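Those protein sequences? They're chains S and G, same order as listed.
Heads up: the first sequence begins at 98 in the numbering used here, then just goes up one per residue.
Heads up: the second sequence begins at 98 in the numbering used here, then just goes up one per residue.
For every residue, glycine included, the Cβ atom is placed at its ideal position computed from N, Cα and C.
Only a predicted model underlies this, so the values are computations on that prediction, with no experimental measurement involved.
This report concerns only the one structure given below.
Number of protein chains: 2
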Amino acid sequence: MLQNIAICAFIITLLSMSMKWNSVLVWPTEYSHWMNMKTILDELGQRGHEVTVLTSSASIHVDPNKTSTIKFEVYPTSLSRDAFDAFVLMVVKKWERIPKDRIWLHLSEMQEIMWDFSDCMRNMCKDAVLNTKLMRKLKESKFDVVFADAIGPCGELLAEILKIPFVYSLRFSPGYSLEMHSGGLLFPPSYVPIILSELHNQMTFMERIKNMIFALYFNFWFQTFNLKEWDQFYSEVLGRPTVLLETMAKAEIWLIRSYWDFDFPRPLLPNFDFVGGFHCKPAKPLPKEMEDFAQSSGEHGVVVFTLGSMISNMPEERANVFASALAQIPQKVIWRFDGKKPDTLGANTRLYKWIPQNDLLGHPKTKAFITHGGGNGVYEAIYHGVPMVGMPLFADQPDNIARMMAKGAAVRLDFDTVSSTDMLNALKTVINDPLYKENIMRLSRINHDQPTKPLDRIVFWIEFVMRHRGAKHLRVAAHDLNWVQYHSLDVIGFLLACVATVIFAITKCCLLCCQKFAKTGKKEKRE
Amino acid sequence: MLQNIAICAFIITLLSMSMKWNSVLVWPTEYSHWMNMKTILDELGQRGHEVTVLTSSASIHVDPNKTSTIKFEVYPTSLSRDAFDAFVLMVVKKWERIPKDRIWLHLSEMQEIMWDFSDCMRNMCKDAVLNTKLMRKLKESKFDVVFADAIGPCGELLAEILKIPFVYSLRFSPGYSLEMHSGGLLFPPSYVPIILSELHNQMTFMERIKNMIFALYFNFWFQTFNLKEWDQFYSEVLGRPTVLLETMAKAEIWLIRSYWDFDFPRPLLPNFDFVGGFHCKPAKPLPKEMEDFAQSSGEHGVVVFTLGSMISNMPEERANVFASALAQIPQKVIWRFDGKKPDTLGANTRLYKWIPQNDLLGHPKTKAFITHGGGNGVYEAIYHGVPMVGMPLFADQPDNIARMMAKGAAVRLDFDTVSSTDMLNALKTVINDPLYKENIMRLSRINHDQPTKPLDRIVFWIEFVMRHRGAKHLRVAAHDLNWVQYHSLDVIGFLLACVATVIFAITKCCLLCCQKFAKTGKKEKRE
Chain S
98 MLQNIAICAF IITLLSMSMK WNSVLVWPTE YSHWMNMKTI LDELGQRGHE VTVLTSSASI
158 HVDPNKTSTI KFEVYPTSLS RDAFDAFVLM VVKKWERIPK DRIWLHLSEM QEIMWDFSDC
218 MRNMCKDAVL NTKLMRKLKE SKFDVVFADA IGPCGELLAE ILKIPFVYSL RFSPGYSLEM
278 HSGGLLFPPS YVPIILSELH NQMTFMERIK NMIFALYFNF WFQTFNLKEW DQFYSEVLGR
338 PTVLLETMAK AEIWLIRSYW DFDFPRPLLP NFDFVGGFHC KPAKPLPKEM EDFAQSSGEH
398 GVVVFTLGSM ISNMPEERAN VFASALAQIP QKVIWRFDGK KPDTLGANTR LYKWIPQNDL
458 LGHPKTKAFI THGGGNGVYE AIYHGVPMVG MPLFADQPDN IARMMAKGAA VRLDFDTVSS
518 TDMLNALKTV INDPLYKENI MRLSRINHDQ PTKPLDRIVF WIEFVMRHRG AKHLRVAAHD
578 LNWVQYHSLD VIGFLLACVA TVIFAITKCC LLCCQKFAKT GKKEKRE
Chain G
98 MLQNIAICAF IITLLSMSMK WNSVLVWPTE YSHWMNMKTI LDELGQRGHE VTVLTSSASI
158 HVDPNKTSTI KFEVYPTSLS RDAFDAFVLM VVKKWERIPK DRIWLHLSEM QEIMWDFSDC
218 MRNMCKDAVL NTKLMRKLKE SKFDVVFADA IGPCGELLAE ILKIPFVYSL RFSPGYSLEM
278 HSGGLLFPPS YVPIILSELH NQMTFMERIK NMIFALYFNF WFQTFNLKEW DQFYSEVLGR
338 PTVLLETMAK AEIWLIRSYW DFDFPRPLLP NFDFVGGFHC KPAKPLPKEM EDFAQSSGEH
398 GVVVFTLGSM ISNMPEERAN VFASALAQIP QKVIWRFDGK KPDTLGANTR LYKWIPQNDL
458 LGHPKTKAFI THGGGNGVYE AIYHGVPMVG MPLFADQPDN IARMMAKGAA VRLDFDTVSS
518 TDMLNALKTV INDPLYKENI MRLSRINHDQ PTKPLDRIVF WIEFVMRHRG AKHLRVAAHD
578 LNWVQYHSLD VIGFLLACVA TVIFAITKCC LLCCQKFAKT GKKEKRE
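Given below as structure tokens:
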């Protein structure tokens with residue numbers, strides 16, 4: 098009888114494994130994050146999965162008209178598209194203005210930005226999950242997994258409501274706080290530079306102090322003060338006391354958009370995979386006019402200049418400084434720029450409102466890349482082996498360029514203060530000093546030489562979670578411990594108490610013996 | 098000019114990458130470790146690499162006559178094969194007799210065993226590296242990488258002498274001390290059970306105390322007292338002050354023979370890959386007589402009983418207890434046993450001096466596996482999905498069975514004290530309770546469902562190290578820090594001193610103010 102039950106259970110398991118498991122619900126974020134995620138969704142679509150993206154009516158880049166393999170579920174939100182765009186640009190501007198030389202001001206202004214961003218995200222999330230019609234539709238769709246960018250919370254709440262597992266994609270969270278508090282990752286501050294600190298992994302004593310301050314700040318302060326409103330909102334929606342960080346900790350897999358060609362090696366956990374650079378592809382041919390311009394550069398080659406998808410313009414004075422430097426190099430320059438044509442623009446420089454960045458970086462004539470240091474662009478430069486001149490503006494851009502500098506593949510300039518001469522020298526250095534090309538080629542080889550391609554690993558893990566309804570075997574038991582237990586404070590306290598008791602008992606015994614001997618001595622003396 | 102240098106450097110790099118890089122020098126260990134390693138070496142051989150195994154004349158299992166794809170370099174050693182065999186068996190016997198219920202006796206006896214083993218390994222290593230003719234030959238052979246089992250040091254010394262990178266294979270070191278002190282792995286004692294403690298990852302308060310004691314013991318005591326002789330020996334050979342653990346820390350990659358189907362998930366580092374179960378293969382057909390016997394079992398199926406490659410015999414009384422239990426089950430039993438035929442042996446049980454373990458575990462008739470819990474056997478049971486009755490004897494065997502019990506795939510018995518009834522009940526449980534089959538099948542699915550097969554990953558990483566002359570991009574900066582820096586004690590001290598100074602200054606100011614006010618008050622009163 099029991100044997101038959103065993104066989105039945107086995108058959109049921111096999112059947113459940115062969116059943117349909119290909120329906121993915123996606124909670125995306127905007128700008129470069131979406132460009133990144135779309136690569137994954139397209140791949141999932143091509144492999145026969147049903148991909149549905151939940152997006153608000155205010156969405157800027159998540160455009161239902163621009164894709165065919167993905168379905169979109171657009172929900173109305175009180176924010177207009179223009180207001181959302183203006184909000185994001187305001188956040189960027191605020192971040193760019195943060196004074197980097199005063200650590201406490203730096204941290205407190207950064208926190209204010211996070212709060213603004215967090216409030217906006219929460220409103221978007223509210224508009225989705227409190228939309229009963231939408232939620233009913235999603236429940237009826239019987240999704241197998243939620244795939245979300247962890248930087249914009251809500252994906253885990255959707256997964257809780259729909260009672261399905263979820264997988265995260267993440268570039269980084271401020272100070273690695275999510276990876277630490279929800280993911281369970283360890284970040285020893287002695288050799289892991291906390292993100293946004295702009296430090297290397299080889300730190301001096303003073304740098305390790307700065308890193309420790311960043312670690313402490315993000316560890317205690319940030320998480321205690323910022324997340325209460327999220328906890329309250331999640332508790333209301335789910336009808337039980339819920340903590341955002343604990344809900345996020347239920348993620349089956351964390352797909353971190355970084356790898357050891359770009360980042361500094363650090364401790365990880367079995368349910369973390371580092372898939373940086375998965376969006377990079379071999380270059381496609383350039384538009385004819387651009388190709389002709391590139392070929393006209395002869396042996397000198399081409400320099401590509403862009404400050405990313407969010408910045409296509411800049412103050413006139415800055416544009417003239419850059420144009421003047423670029424006019425002095427023998428290379429041809431392809432510059433993504435949407436402002437007034439600079440007066441100092443050289444004949445070797447052409448302006449474009451949009452450029453095919455990956456195809457340009459993969460072009461054999463390309464010698465250098467002037468970049469703001471966004472994760473996607475830096476990865477394309479690594480993939481194609483192009484040394485960089487970095488002019489970071491905000492978010493992880495300074496850290497990205499710091500990493501490339503530490504690996505000898507980039508020179509850093511300050512966007513606001515750099516002179517023409519400095520820019521000229523920086524360009525000459527990365528183009529003519531063979532070490533920069535050597536170093537970026539080394540990173541490129543590391544990037545290309547992995548046991549499995551990052552995009553294949555991403556698809557594998559999302560499919561794995563759908564096949565097995567989760568990946569609990571990769572989850573550390575740390576998630577079941579409270580703070581005191583996790584840090585073994587109760588155990589250490591108990592052991593110290595034991596040691597103290599033993600020392601006390603021994604001391605007491607010794608004292609008693611001494612007293613006894615002393616008494617006997619006195620007695621003998623008296624006798 | 099500089100540009101030409103860049104191009105030349107690039108061409109040289111490309112040329113060096115396309116040059117020959119396929120010569121592997123192997124430092125193996127014995128028994129099941131060798132059986133494991135041989136699977137890798139055969140695969141390397143089949144993929145066109147030149148594999149040379151350095152082995153002593155006393156070697157027991159590393160037999161030059163038993164293979165065709167691998168070359169052997171046999172060096173003379175003072176120890177005879179019989180003496181070495183006797184020594185290993187003596188170590189095993191000693192370990193089996195360790196009292197498990199008294200923690201300090203347990204730990205100190207275990208340490209004595211490690212020392213005996215360590216001394217023997219050092220003598221073997223001395224015989225190799227002090228053999229000048231052998232060393233000259235090895236230098237002339239221009240190997241690209243050393244591949245060694247980290248449990249028997251010497252591989253890293255050979256790599257230092259030959260100035261080439263090295264890769265480790267490792268099941269575990271006592272208390273994870275090598276993985277921690279040389280590999281840089283973190284083992285938070287609150288949720289990572291220290292190996293040899295026989296604990297699970299879900300620990301009670303008392304179990305966490307036991308785990309902390311094991312962690313502290315292996316952390317401080319073991320490494321401080323046991324390794325001095327190795328340091329001295331390495332320093333003499335290399336002619337410079339050398340520390341064993343620091344030399345081992347230079348390993349490019351650590352291939353750990355475990356995975357999350359078997360082990361509990363825990364923190365890792367980018368240069369660690371978990372490749373457990375790589376030796377498992379689909380079952381080949383059984384010898385005809387064995388196949389007929391298995392088929393004769395009908396729907397009841399077969400039970401496989403073996404205590405591993407080191408134990409083929411046992412006391413008569415024990416054999417009779419086991420035989421009597423086996424005689425009472427409806428299954429047929431295939432028992433690897435080389436002693437006197439037990440009087441209580443049932444008609445359903447057949448004794449064999451040797452069995453094709455993997456083929457038997459993969460046989461569709463196999464219902465259960467009675468095992469000592471050796472890593473290789475447990476992995477084969479996971480691979481083929483066969484629930485276990487474990488009778489662990491020594492080393493990691495109790496921990497392996499503890500892991501299988503925690504995952505609901507095994508029942509544990511005590512070899513020395515188990516009665517026939519207990520064994521009968523245990524067998525009935527794992528065969529008839531469907532949960533055991535379900536659980537082991539779940540582990541089996543995890544084992545089969547990985548982005549890349551473990552054996553492919555092993556070969557990939559060995560080839561990677563040969564192609565790139567190392568894998569430094571995966572190495573954490575922790576290796577460059579001393580103990581104080583690594584634990585941030587200097588930083589914490591400095592910050593505490595700062596805080597103390599500030600508190601002191603504020604208190605002093607407050608006191609001064611109070612005194613001033615008090616004086617003014619008195620003055621006013623007097624007036």
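So what does DSSP say about residue i, is it helix, strand or coil?
| i | result |
| --- | --- |
| S:K230 | helix |
| G:K437 | coil |
| S:F466 | strand |
| G:D213 | helix |
| S:K605 | helix |
| S:W357 | coil |
| S:M114 | No answer about S:M114 holds up, because its pLDDT of 46 lies below 50 and its placement is not dependable. |
Can you find the residues in the same chain that come closer than 6 Å, C-beta to C-beta, to residue i, ignoring five residues on each side of it along the sequence?
| i | result |
| --- | --- |
| S:L342 | H278, S279 |
| S:T110 | Confidence in S:T110 is poor, its pLDDT being 46 and thus under 50, which makes the residue's placement unreliable; the coordinate value appears in the next sentence. No residues qualify anywhere along the chain. |
| G:G249 | T126, M218 |
So residue i and residue j are in contact, right, with Cβ under 8 Å, and what is the actual spacing, rounded?
| i | j | result |
| --- | --- | --- |
| S:T441 | S:A424 | 6 Å |
| S:F244 | S:V264 | 5 Å |
| S:L335 | S:E237 | Rounded, the Cβ-Cβ distance is 20 Å, inconsistent with contact. |
| G:F184 | G:I157 | G:F184 to G:I157, Cβ: 10 Å. No contact. |
| S:V85 | G:R363 | Summary: the structure shown does not reach residue 85 of chain S, with chain S confined to residues 98 through 624, and so no result is reported for it. |
| G:E253 | G:M345 | 5 Å |
| S:G398 | S:T468 | The Cβ separation is near 17 Å, so there is no contact. |
Could you tell me the alpha carbon to alpha carbon distance between residue i and residue j, rounded to whole angstroms?
| i | j | result |
| --- | --- | --- |
| S:S113 | G:G436 | The predicted model places S:S113 with a pLDDT of 44, which falls under 50 and marks its position as unreliable; any figure quoted below should be read in that light. Cα-Cα distance, rounded: 47 Å. |
| S:A348 | S:P262 | 7 Å |
| S:A602 | S:F591 | 16 Å |
| S:V475 | S:Y356 | 12 Å |
| G:P125 | G:M538 | 33 Å |
| G:K230 | G:D224 | 11 Å |
| S:F375 | S:P551 | 5 Å |
| G:E326 | G:L540 | 42 Å |
| G:N473 | G:T526 | 23 Å |
| G:H570 | S:R554 | 20 Å |
| S:F284 | S:V562 | 26 Å |
| S:K234 | S:T174 | 17 Å |
| S:A155 | S:Y172 | 9 Å |
| S:W131 | G:G482 | 42 Å |
| S:F371 | S:F269 | 11 Å |
| G:L365 | G:D546 | 20 Å |
| G:M300 | G:Y583 | 28 Å |
What in chain G is Cβ-close to residue i, meaning under 8 Å?
| i | result |
| --- | --- |
| S:T549 | P548, T549 |
Against chain A, does residue i count as a neighbour if the rule is that its beta carbon must be under 9 Å from one of theirs?
| i | result |
| --- | --- |
| G:N220 | Absent here is chain A; the protein component of the structure consists of chains S and G. |
Taking residue i as the query, report the chain S residues whose CB atoms sit under 8 Å from its CB, ordered along the chain.
| i | result |
| --- | --- |
| G:S287 | A575, L578, Q582, Y583, H584, S585, V588 |
| G:D657 | Residue 657 of chain G lies beyond the stretch modelled for chain G, which goes from 98 to 624, so this question has no answer here. |
| G:M345 | Those do not exist, as G:M345 stays about 18 Å from chain S at its closest Cβ, beyond 8 Å. |
Can you give me the Cβ contacts of residue i inside the same chain, cut-off strictly under 7 Å, excluding the 5 residues immediately before and after it?
| i | result |
| --- | --- |
| G:L448 | W432, F434, K438 |
| S:S287 | R305 |
| S:M309 | P286 |
Residues of chain G with a CB under 9 Å from the CB of residue i: which are they?
| i | result |
| --- | --- |
| S:F302 | Q582, D587, V588, F591 |
Using a Cβ-Cβ cut-off of 8 Å (strictly less than) and excluding sequence neighbours within five positions of residue i, which residues of its own chain qualify?
| i | result |
| --- | --- |
| G:G142 | V148, T166, I167 |
| G:N417 | P439, D440, T441 |
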